[in-house]
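Structure first, commentary second.
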Amino acid sequence: MNRDEEFRSNLYANCNEKYATDPDSALDCRRTADGYVFAVEQNGGKSGDPKPPIFN
Numbered sequence: 022m023n024r025d026e027e028f029r030s031n032l033y034a035n036c037n038e039k040y041a042t043d044p045d046s047a048l049d050c051r052r053t054a055d056g057y058v059f060a061v062e063q064n065g066g067k068s069g070d071p072k073p074p075i076f077n
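First residue of the sequence shown: 22, per our numbering; consecutive thereafter.
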């Protein structure tokens with residue numbers, strides 16, 4: 022697993038933890054994570070240029 026895949030799986034793990042306590046915010050979390058993953062892929066697979074999502 023490369024650094025990006027690890028980062029990505031951590032993003033989704035974070036969302037899944039949120040889902041247990043707050044399903045509504047977890048949906049936003051997933052959308053944000055999906056958007057970030059899409060931005061990374063549009064950027065040639067390099068993370069770091071698009072800003073990572075802020076989870077509050």
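Even for Gly, the Cβ is constructed at its ideal location relative to N, Cα and C.
Run the CB neighbour count on Ala34, radius 10 Å, all protein chains shown included, and call it buried at 16 or more, exposed below.
-> Residue 34 sits at position 13 when you count from the first residue of the sequence shown. An exposed status is given to Ala34, since fewer than 16 other beta-carbon atoms sit within 10 Å of its beta-carbon.
Segment limits, alpha helix (DSSP H) that includes Asp25 = Along the sequence shown, read from residue 1 onward, the residue named residue 25 stands at position 4. Per DSSP, the unbroken alpha helix (DSSP H) holding Asp25 starts and ends at Arg24 to Thr42.
Return the residue from the list Arg52, Ala60 and Phe59 that minimises the CA-CA distance to Asn37.
-> In the sequence shown, counting from the first residue as 1, residue 37 sits at position 16. The alpha carbon of Asn37 has as its nearest neighbour, out of Arg52, Ala60 and Phe59, the alpha carbon of Arg52.
By Cβ distance below 7 Å, which residues in the same chain neighbour Ala54 in space, the five residues on each side in sequence not counted?
-> Counting from one through the sequence shown, the residue named residue 54 turns up at place 33. Residues of the same chain with a CB within less than 7 Å of the CB of Ala54, apart from the 5 flanking positions on each side, are Leu32, Tyr33, Cys36 and Pro74 in chain order.
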